[in-house]
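Input: a single structure, listed below in structure tokens.
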Amino acid sequence: MSSSKKSNREIDLSDFPLGSVTEYATLVCLACTFDIFTTQLGLAPRTAYSEIRKYTPTIAELSAPKATPPFFDSEETRPHCPYCNAAKRWHARFDTFRIEGGKPTDAARRKLIKSLPKTDNQVEVMEVKSDKRTVFFEWLDTLLGKVDLDDEAWLLETARAYLSRFEPTTDWTEIFAGLRAVRRSSRLLEGWEKDGSRLFLTPVLYNEVVIVQYLVSRSHVSGGRTLEGRLTLNDLIRRLRFGGYLEAKEISSGDQFEILEQLLEKLSGGSGKVKLYYIVDRRDFIEKVKSVYARYAN
Ligand SMILES: [Zn+2]
10 MSSSKKSNRE
20 IDLSDFPLGS
30 VTEYATLVCL
40 ACTFDIFTTQ
50 LGLAPRTAYS
60 EIRKYTPTIA
70 ELSAPKATPP
80 FFDSEETRPH
90 CPYCNAAKRW
100 HARFDTFRIE
110 GGKPTDAARR
120 KLIKSLPKTD
130 NQVEVMEVKS
140 DKRTVFFEWL
150 DTLLGKVDLD
160 DEAWLLETAR
170 AYLSRFEPTT
180 DWTEIFAGLR
190 AVRRSSRLLE
200 GWEKDGSRLF
210 LTPVLYNEVV
220 IVQYLVSRSH
230 VSGGRTLEGR
240 LTLNDLIRRL
250 RFGGYLEAKE
260 ISSGDQFEIL
270 EQLLEKLSGG
280 SGKVKLYYIV
290 DRRDFIEKVK
300 SVYARYAN
């Protein structure tokens with residue numbers, strides 16, 4: 010980064026295991042927002058300004074896979090508001106970081122929160138009680154929003170995402186650099202091993218990658234695509250049974266949906282409680298609200 014102002018603002022997440030933090034970014038249109046407060050609610054610009062300034066979106070608004078008005082997502086460098094066509098100077102950005110509570114993150118989280126600016130509600134920290142299963146489904150949703158199922162690379166990206174979750178302290182970005190294939194190895198007793206451009210996983214770990222790929226792609230048009238090719242739920246279960254996964258994980262028999270339910274229970278870690286910490290960076294929002302108001306008032 011060339012600008013020192015910008016780097017001072019970065020929230021430093023380098024102390025966290027990679028798989029423990031999820032980042033969300035969303036844009037909010039301030040032209041739409043001021044319009045709601047002044048036209049629809051009938052507030053004077055000055056009142057609207059002080060109300061808007063205090064505002065922090067809900068976690069659902071900040072982390073939704075698909076944004077709803079006045080929020081929107083855009084990959085463009087000069088986006089226009091999809092609702093009112095306002096140009097970039099009317100947009101503010103919220104960056105949100107979700108940290109999964111627990112032993113691997115507690116110390117780093119306390120240190121980070123201590124280091125954040127305290128005045129003017131520039132950065133807000135919210136605590137939410139959740140459970141492992143919900144966190145797992147949210148993780149799947151986020152993953153689905155990130156990968157492009159029409160591009161073969163998603164198979165490796167999904168493998169990397171699952172491994173980052175499974176073993177958060179390993180730098181998987183480095184391990185996946187130059188990687189061309191992920192394979193099962195019955196020779197391996199635990200974990201994984203990289204050999205050139207191939208990554209070998211124990212059968213259990215490999216099967217879990219395949220299950221996650223199935224879960225991510227099952228609702229897509231040509232659904233259920235994995236490192237093992239295209240699979241229906243029945244195909245998947247048959248493979249898991251023959252491969253010894255169901256037995257290794259003590260998954261009892263039942264119909265395919267009962268088995269899927271048990272697989273989800275195992276992969277997600279079940280109903281155990283988790284505390285989630287959302288860190289919402291409001292600094293860009295506060296600045297933009299101020300400059301937009303200055304324009305409004307003149
Ligand atoms: Zn707008």
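If you're matching positions, the sequence shown starts at 10 in the numbering used here and goes up one per residue. For each residue, glycine too, the CB sits at the ideal point set by N, CA and C. Please read these numbers as outputs of a predicted model, since none were measured by experiment.
- Item | Top-ranked residue by Cα proximity to Thr-35, from Trp-201, Asn-216 and Glu-70 | Distance check between Thr-35 and each of Trp-201, Asn-216 and Glu-70 places Glu-70 closest, using alpha-carbon atoms only.
- Helix, strand or coil for Arg-174, going by three-state DSSP, please let me know. For Arg-174, the three-state secondary structure derived from DSSP is helix.
- Whole angstroms is fine: what's the gap from Thr-167's alpha carbon to Ala-95's? Going by the C-alpha atoms only, they are around 36 Å apart.
- Query: Taking the Cβ atom as the reference point for each residue, do Arg-169 and Phe-145 lie within a distance shorter than 8 Å?
  - Reply: No, the Cβ-Cβ distance between Arg-169 and Phe-145 is not below 8 Å.
- Item | Exposed unless 16 or more other CB atoms sit within 10 angstroms - verdict on Cys-93 | Exposed, because fewer than 16 other Cβ atoms sit within 10 Å of the Cβ of Cys-93.
- Is Val-283 helix, strand or coil when you go by DSSP? In the structure shown, Val-283 adopts extended strand secondary structure according to DSSP, grouped into three states.
- Which residues have a Cβ closer than 5 Å to any heavy atom of ligand 1, listed in chain order? The answer, residue by residue, is Cys-38, Ala-40, Cys-41, Cys-90, Tyr-92, Cys-93 and Ala-95.
- Locate the alpha helix (DSSP H) running through Arg-55, then write down its first and last residues. Its alpha helix (DSSP H) spans residues 54-63.
- Item | Opposing strand residues paired with Tyr-254 [DSSP bridges] | According to DSSP, which records beta bridges pairwise, Tyr-254 is partnered with nothing at all.
- Message: If distances are taken between C-alpha atoms only, which option among Val-289, Asp-157 and Glu-296 comes closest to Pro-66?
- Response: Checking every option, the nearest Cα to that of Pro-66 belongs to Val-289.
- Message: Taking only three categories from DSSP, how would you classify Glu-32?
- Response: Here Glu-32 carries a strand assignment [DSSP, helix/strand/coil].
- Task: Identify whether Glu-217 lies in helix, strand or coil by the three-state DSSP scheme.
- Result: Residue state, collapsed to three classes: helix.
- Query: What does DSSP give as the partner residues of Arg-234 in its beta bridges?
  - Reply: Per DSSP, Arg-239.
- Query: How about the segment 50-68 and the segment 196-211: do they share at least three Cβ pairs that are nearer than 8 Å?
  - Reply: Contact between the segment 50-68 and the segment 196-211 is absent: fewer than three C-beta pairs spanning the two stretches fall below 8 Å.
- For Leu-39, the three-state DSSP class (helix, strand or coil): It is helical.
- Task: Using the Cα positions of Lys-15 and Asp-293, report the straight-line distance between them to the nearest angstrom.
- Result: Below a pLDDT of 50, predicted positions are generally treated as unreliable, and Lys-15, at 45, falls in that range; the measurement from the model is reported next regardless. Approximately 11 Å, taken between the alpha carbons.
- State the beta-bridge partners of Ser-139 as determined by DSSP. Within the DSSP secondary-structure output, Ser-139 pairs in a beta bridge with Val-283.
- Message: Is the separation between the beta-carbon of Gly-299 and that of Lys-138 shorter than 8 Å?
- Response: At residue 299 the sequence reads Lys, which differs from the Gly that was named. No, they are not a contact pair.
- Does the segment 172-179 come within contact of the segment 17-28, defined as at least 3 CB pairs closer than 8 Å? The segment 172-179, when compared against the segment 17-28, does touch it at the 8 Å Cβ threshold.
- Message: Could you give the first and the last residue of the continuous alpha helix (DSSP H) run that contains Ile-260?
- Response: Judged by DSSP secondary structure, Ile-260 falls outside any alpha helix (DSSP H); it is assigned neither H nor E.
- Residue range of the alpha helix (DSSP H) that Glu-70 falls in? Bounds of the alpha helix (DSSP H) holding Glu-70 are 68-72.
- Have a look at Val-134, Thr-128, Ala-73 and Phe-103 and flag the residue whose alpha-carbon is nearest the alpha-carbon of Trp-148. Per the Cα distances, Ala-73.
- Query: Who are the near neighbours of Val-301 in its chain, counting only those whose CB is closer than 7 Å to its CB and skipping five residues on each side?
  - Reply: Within the same chain, and ignoring the five residues on either side of Val-301 in sequence, the residues whose Cβ sits closer than 7 Å to its Cβ are Leu-39, Phe-43 and Trp-99.
- Query: Are there 16 or more other CB atoms within 10 angstroms of the CB of Leu-198, so buried, or fewer, so exposed?
  - Reply: Taking a 10 Å sphere around the C-beta of Leu-198, we find fewer than 16 other C-beta atoms and assign the residue as exposed.
- Distance, Cα to Cα, Ser-11 vs Ala-303? Because Ser-11 sits at a pLDDT of 37, beneath the cut-off of 50, its placement in the model cannot be relied upon, and the point is left open.
- Sequence-distant residues of its chain with Cβ nearer than 6 Å to Leu-52 (five each side left out): Closer than 6 Å at Cβ, skipping near neighbours: Phe-46.
- Return helix, strand or coil for Leu-198, following the three-state DSSP convention. Three-state result, Leu-198: coil.
- Query: Touching or not, the segment 259-275 and the segment 111-124, by the rule of three or more beta carbon pairs under 8 Å?
  - Reply: Taking 8 Å as the limit for Cβ pairs, the verdict is that the segment 111-124 does not touch the segment 259-275.
- Message: I need the boundaries of the beta strand (DSSP E) containing Glu-109, first residue and last residue.
- Response: Glu-109 -> beta strand (DSSP E) spans 100-109.
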